[in-house]
Each structure stands twice: as structure tokens, then as C-alpha cells.
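Notes for the one structure printed next.
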Amino acid sequence: MTVTTRFAPSPTGTLHVGNIRTALHNWMFAKANGGRFLLRIDDTDRARSEERHVESIRADLAWLGLAPEGEERQSARFDRYDAVFADLVARQWIYPAYDTPEELELRRKVLLGRGLPPIYERTALALSDADRAALEAEGRRPHWRFHLDHVPIAWDDMIRGPQRFDAATMSDPVVRRADGSWLYLLPSVIDDVDMGVTHVVRGEDHVSNTALQLQMFQAMGAAPPAFAHEALLTGAEGKLSKRLGSLGVEHFRGAGIEPQALVALLARIGTSDPVEPFADSAPLIASFDFARFGRAPARFDEAELAQLNARIVHQLAHEAVAGRLPEGMTSAAWDAIRPNLSTVAEAADWWRVVKGPIAPADLLPEDRAYCAQAAEAAAAIDWSADPWPALTGALKEATGRKGKPLFLPLRLALTGREHGPDMAALLPLIGRERALDRLDAAAA
Ligand code: GLU
Numbered sequence: 002m003t004v005t006t007r008f009a010p011s012p013t014g015t016l017h018v019g020n021i022r023t024a025l026h027n028w029m030f031a032k033a034n035g036g037r038f039l040l041r042i043d044d045t046d047r048a049r050s051e052e053r054h055v056e057s058i059r060a061d062l063a064w065l066g067l068a069p070e071g072e073e074r075q076s077a078r079f080d081r082y083d084a085v086f087a088d089l090v091a092r093q094w095i096y097p098a099y100d101t102p103e104e105l106e107l108r109r110k111v112l113l114g115r116g117l118p119p120i121y122e123r124t125a126l127a128l129s130d131a132d133r134a135a136l137e138a139e140g141r142r143p144h145w146r147f148h149l150d151h152v153p154i155a156w157d158d159m160i161r162g163p164q165r166f167d168a169a170t171m172s173d174p175v176v177r178r179a180d181g182s183w184l185y186l187l188p189s190v191i192d193d194v195d196m197g198v199t200h201v202v203r204g205e206d207h208v209s210n211t212a213l214q215l216q217m218f219q220a221m222g223a224a225p226p227a228f229a230h231e232a233l234l235t236g237a238e239g240k241l242s243k244r245l246g247s248l249g250v251e252h253f254r255g256a257g258i259e260p261q262a263l264v265a266l267l268a269r270i271g272t273s274d275p276v277e278p279f280a281d282s283a284p285l286i287a288s289f290d291f292a293r294f295g296r297a298p299a300r301f302d303e304a305e306l307a308q309l310n311a312r313i314v315h316q317l318a319h320e321a322v323a324g325r326l327p328e329g330m331t332s333a334a335w336d337a338i339r340p341n342l343s344t345v346a347e348a349a350d351w352w353r354v355v356k357g358p359i360a361p362a363d364l365l366p367e368d369r370a371y372c373a374q375a376a377e378a379a380a381a382i383d384w385s386a387d388p389w390p391a392l393t394g395a396l397k398e399a400t401g402r403k404g405k406p407l408f409l410p411l412r413l414a415l416t417g418r419e420h421g422p423d424m425a426a427l428l429p430l431i432g433r434e435r436a437l438d439r440l441d442a443a444a445a
């Protein structure tokens with residue numbers, strides 16, 4: 002049996018970081034088990050589903066490197082849902098209900114008022130054929146409920162461990178509306194059966210749906226998949242944050258976050274494994290295990306993401322980023338500049354420092370004189386080898402300066418900045434001509 006997972010977003014908006022995390026875990030689990038990862042577009046709600054969101058979901062998964070082995074769309078499967086529905090109605094797993102929202106609300110209040118759980122009382126099941134005919138004659142159309150078998154429901158969740166529900170404490174769920182449109186529960190089960198889904202990985206907000214859906218698998222005569230319900234994501238402050246719902250790939254990309262950073266963070270937060278700067282997903286996949294997932298909410302911290310991103314940028318090879326670097330920025334230049342970057346885009350700032358022009362440094366008089374000496378020394382050294390040790394070695398000897406007074410005025414004169422990449426790597430990139438001009442300018 003091939004392990005098969007699916008990520009099943011509704012295309013009613015763009016993916017947010019919580020969805021991305023679920024998609025990632027589905028993908029990782031499939032990869033870790035040599036399985037298949039499917040993208041299932043849950044677009045039964047035709048009014049709210051939009052093609053542009055389907056496209057952005059695909060593009061976001063591609064950017065993250067989560068390539069699905071197949072794509073399915075619920076809107077292409079209505080005939081199949083109708084067929085299963087007809088069968089389940091015929092076998093009385095599904096029954097028509099005519100209760101109006103007002104009637105249901107009234108019963109709810111009555112039950113609550115009596116201190117009873119507000120469970121649907123199956124009034125529809127008490128209707129005779131004649132009652133139904135009379136309601137139909139009034140123009141009422143039924144919605145459809147799944148007839149729960151009032152027995153205990155149990156499964157061993159891959160994250161939450163043993164789960165128990167008592168079906169008798171649950172309302173028969175509505176699976177189809179009076180206008181024929183579908184609610185999420187049943188089409189999802191039909192898809193999981195038809196698509197050979199072996200593992201359902203989703204948020205813990207679906208735990209009680211699972212209890213209901215397990216009986217639907219049974220009604221279809223199908224073995225249920227295994228389930229992993231993950232704890233939800235919270236913001237850094239530890240609270241469920243509205244902001245998380247608005248953070249998607251576009252935001253992260255705009256902030257210079259690499260897909261590998263997002264993957265490395267989302268693979269590990271909420272687990273007992275440390276967050277580590279893996280630029281490659283293989284070690285993350287190798288160590289992926291639902292047994293390591295905790296039940297407490299996973300904390301998503303953008304500051305942690307930014308730090309992780311910097312550590313991943315420092316590992317990226319020139320060929321991996323070349324298309325995003327300024328024209329002419331060589332592998333040597335990337336290697337020199339990379340350790341100073343938080344994002345790849347910042348490489349352009351340092352490339353401007355290399356290429357110039359730079360604003361002349363504002364130096365103390367004694368440092369201006371020192372730069373004049375440095376210009377002379379720079380004209381005399383061999384630029385074909387390692388110019389920085391040659392230059393600083395000569396100046397150390399000539400002036401007796403060492404440490405910061407030796408190095409800092411040179412860095413200021415040559416780059417216009419107090420901090421930056423290693424000067425030994427930067428100076429050959431700046432080159433003789435520009436270096437002499439900059440030292441002259443600083444001396445003036
Ligand atoms: N479309 C559903 C959702 O986004 C899918 C849930 C599931 O994975 O079964 O909540």
C-alpha cells in the first residue's frame with residue numbers, strides 16, 4: 002500500500018502560514034515513506050471558490066518546493082458524490098430533514114434551558130411518508146443528514162494518541178443543503194476513499210469531524226485512513242493571532258525569506274526536535290515523525306524565522322542565487338558578501354559598495370593623514386595576490402598602528418561603512434584603481 006497524503010485547501014483565499022505548515026507535513030510524511038502527496042482543491046463552494054486562488058495555491062506550493070504527485074478537484078467529481086449519496090440514502094445512512102433554522106434554534110434553546118446538550122433530536126426521522134409529502138406540497142425542500150450509529154467511536158491519532166467520542170452525544174451532521182450543494186464532510190470522505198488516501202494530516206480543529214467521518218468511511222464499506230491532527234499555530238506572543246491568518250508566501254517572499262527557511266522552521270516548531278538551519282529538506286524529512294509532535298500549540302515567531310533565514314542564506318551557493326544577484330556579481334563576490342546578509346536581496350547593497358561610487362568617509366585629521374599613507378602603500382603592494390594582508394602589514398610596520406586604529410579607518414575609507422564583509426575578501430573585489438581613489442578621497 003503506497004502511503005498517500007493529501008493537502009486539501011479551499012480556494013477561497015491565499016494560503017496562510019497555518020495552511021502552509023499542514024501542506025508541508027503532508028508532503029514530508031509522504032516523502033519520508035516513499036509515498037504520494039496529492040493536492041486536492043476543495044472547491045464545492047462554487048460561489049466562494051476562485052480560479053486565481055487555485056493558481057496562487059499551486060504557485061505557493063511550487064515556491065516552497067512541495068511538488069504534488071497529482072491534483073484533484075472536487076468540482077469535477079459531483080457525479081461521483083451524487084452516486085454515493087444516492088446509495089447512502091437508499092441504505093438509510095442519509096435521510097432528508099425539513100427543519101427550518103428557526104425550528105432548530107428553538108429546540109436548541111429549549112434543550113439548553115433544560116440543561117441538556119443541544120443535540121439534533123431526529124424529528125425528521127419521525128415523519129411519515131404522508132408528513133413528508135405534505136411538507137413538499139408546501140414547497141419545503143429537505144436538507145440531508147447523516148444518520149450516526151450511536152456507538153462509541155475511537156481511533157489512535159498519530160499525534161494525539163487514543164481518541165474517543167460517543168456518537169450519541171453528537172448531532173447527525175448535515176451533509177447536503179436543500180439547494181443540492183455539499184458541505185465539506187462527505188465529499189472529503191468519498192475522495193479519501195477513491196484516491197487511496199492512507200494518512201489524513203490536518204489541524205486539530207477537525208478532530209470532531211474525524212469522529213463523524215469515521216462512520217462515513219464505514220457506511221461506504223471502506224477502511225479508514227490513519228489520522229494525525231496537529232496542534233494549531235500561535236503567534237510569538239503565544240496567543241492565537243489574527244496576523245497569522247494574513248501571512249502568506251507573498252509576505253515572506255517580500256521580506257526576503259527563502260522557502261528553505263520557512264520549511265526548516267515549520268517542519269520543527271511544535272515538535273521535540275530543535276529548529277535548525279537546514280538549507281536542504283532531506284535531513285528534515287529523514288527525522289520527520291508525528292510521534293515527536295507535541296499537543297501544545299506551535300509558536301510561530303517571525304523573528305526566529307528571520308534569524309533562521311540569515312543562517313540559510315549564508316549557506317546558499319552562488320548558482321542557487323545567481324539569477325537574483327546584480328549583474329556581474331561573481332561567485333567570489335557572493336562568497337565574500339554572503340556571511341553578512343540577512344536576505345539575498347541585501348547582496349545588491351554590498352555590490353554597490355564594491356562598485357561605487359561611495360560617499361567619502363568623514364575621518365578625524367590624524368586618520369586622514371593615515372589614509373594618505375595607506376594610498377601610498379596601496380600603490381606599492383602586489384594586487385595579484387592577497388592585497389589586504391599586504392596593505393595592513395605594510396601600514397602596521399610604517400605607523401605602529403594595530404587593531405582597530407589600523408583597520409577601521411581603512412574600512413571606512415574603502416567602503417564608507419563601519420561594518421561589513423571581511424576586508425580580505427572585499428578588497429580584491431574593489432580592486433586597485435577604486436581602492437586608490439577611495440583612499441585619496443578619504444585623505445583629502
Ligand atoms: N478543505 C478542508 C479545510 O481546509 C480540508 C480539511 C481536510 O484536510 O480534510 O479545512
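Just so we're aligned: the sequence shown equals residues 2 to 445 in the numbering used here. Glycine included, every Cβ here is placed at the ideal spot set by N, Cα and C. Keep in mind that this is a model prediction, so the values were computed, not measured.
(message) Considering only DSSP beta bridges, list what ARG146 is partnered with.
(response) For ARG146, which the question treats as bridged, DSSP gives the partners TYR96 and VAL175.
(request) Note down the Cα distance separating LEU415 from MET330, rounded to an integer number of angstroms. (result) Using only the alpha carbons, I get a separation of about 18 angstroms.
(request) Within its chain, find whatever has a CB closer than 7 angstroms to the CB of ALA373; leave out the 5 residues flanking it on each side and keep chain order. (result) Contacts found: ALA444.
(request) For the beta strand (DSSP E) containing PRO163, list its first residue and its last residue. (result) Looking at the DSSP string, the run of the beta strand (DSSP E) that includes PRO163 is 162–167.
(message) If you follow the beta strand (DSSP E) that LEU39 is in, where does it begin and where does it stop?
(response) Run containing LEU39: 37–42, per the beta strand (DSSP E) assignment.
(request) Evaluate the contact criterion for the segment 78–85 versus the segment 47–54: three or more CB pairs, one atom per stretch, below 8 angstroms. (result) no
(message) Using a 10 Å radius around the Cβ and a threshold of 16 neighbouring Cβ atoms, would you call THR235 buried or exposed?
(response) buried
(request) Just the C-alpha distance for ALA299 and ILE270, rounded to the nearest angstrom, thanks. (result) 6 angstroms
(request) Give a yes or no on whether the minimum CB-CB distance between ILE95 and chain C is below 7 angstroms. (result) Looking at the structure shown, chain C is missing, and only one protein chain is on hand.
(message) Between the segment 192–211 and the segment 86–96, can you find at least three pairs of beta-carbon atoms closer than 8 angstroms?
(response) no
(message) What does DSSP give as the partner residue(s) for ARG203 in the beta ladder?
(response) In DSSP, ARG203 forms a bridge with HIS230.
(request) Would you kindly check if the distance between the Cβ of GLU259 and the Cβ of ASN310 is under 7 angstroms? (result) yes
(request) Output the boundary residues of the alpha helix (DSSP H) element that contains THR416. (result) 404–416
(request) Could you check the C-alpha separation between VAL4 and LEU213 for me, to the nearest Å? (result) 23 angstroms
(request) Look up GLU72 in the DSSP assignment and say whether it is helix, strand or coil. (result) strand
(message) Any heavy atom of the ligand GLU closer than 6 angstroms to the beta-carbon of ALA48?
(response) no
(request) Mind the definition here: the segment 169–189 touches the segment 30–38 only if three or more C-beta pairs lie below 8 angstroms; say whether that holds. (result) The segment 169–189, when compared against the segment 30–38, does not touch it at the 8 angstroms Cβ threshold.
(request) Measure the alpha-carbon distance for ILE154 versus ALA223 and round it to whole angstroms. (result) 16 angstroms
(request) Only counting runs of 4 or more residues, tell me where the alpha helix (DSSP H) segments fall wholly within the segment 231–297, in order along the chain. (result) 250–255, 260–269 and 283–287
(request) Apply the 10 Å Cβ neighbour rule to PRO118 and answer buried if 16 or more other Cβ atoms are within range, or exposed otherwise. (result) exposed
(message) For LYS397 and PRO406, what's the separation of their Cα atoms in angstroms?
(response) C-alpha separation (whole angstroms): 10 angstroms.
(message) Which residue wins for smallest C-alpha separation from GLU122, given the options GLY246, GLY432, SER172 and THR45?
(response) Minimum Cα distance to GLU122 is reached at SER172.
(message) For a test of your reading of the model: does the CB of SER189 fall under 6 angstroms from any non-hydrogen atom of the ligand GLU? Yes or no.
(response) At least one heavy atom of the ligand GLU is nearer than 6 angstroms to the Cβ of SER189, so yes.
(message) Using a Cβ-based criterion (distance less than 6 angstroms to any ligand heavy atom), does ARG78 qualify as near the ligand GLU?
(response) no
(message) Since SER343 and ALA307 should fall inside the 8 angstroms C-beta cutoff, what is the C-beta to C-beta distance between them, to a whole number of angstroms?
(response) 7 angstroms
(request) For ASP43, verify whether its CB is less than 6 angstroms away from any heavy atom of the ligand GLU. (result) yes
(message) In this structure, how does DSSP classify THR124 when only helix, strand and coil are distinguished?
(response) helix
(request) Give the secondary structure of ALA360 by DSSP, where H, G and I count as helix, E and B as strand, and everything else as coil. (result) coil
(request) Sort out for me which residues DSSP pairs GLN154 with in a bridge. (result) Residue identity check: residue 154 is Ile in the sequence provided, not Gln. Its beta-bridge partners are PHE166.
(message) Applying the 10 Å Cβ sphere with the 16-neighbour rule, what's the burial state of LYS403?
(response) LYS403 is exposed by the Cβ-count criterion.
(message) Just to confirm before moving on: does the CB-CB distance between ALA125 and ALA98 stay below 7 angstroms?
(response) yes
(request) Give the straight-line distance between the Cα atoms of PRO366 and ASP438, rounded to the nearest whole angstrom. (result) 18 angstroms
(request) State yes or no: is the C-beta of THR45 within less than 7 angstroms of the C-beta of TRP145? (result) no
(request) Excluding the 5 residues preceding and the 5 following ASP157 in the sequence, name in chain order all residues of the same chain whose CB lies nearer than 7 angstroms to its CB. (result) Shown here for ASP157: same chain residues with a beta carbon closer than 7 angstroms to its own, the five before and five after excluded, namely PRO163 in chain order.
(request) Return the chain-ordered list of same chain residues with a C-beta closer than 6 angstroms to the C-beta of PRO128, the five sequence neighbours on each side being excluded. (result) As written in the sequence, residue 128 is Leu, which differs from the Pro given in the question. So the list is empty, once near-sequence residues are dropped.
(request) Measuring alpha carbon to alpha carbon, tell me which of PRO390, PRO429 and ASP130 ends up nearest TYR96. (result) ASP130
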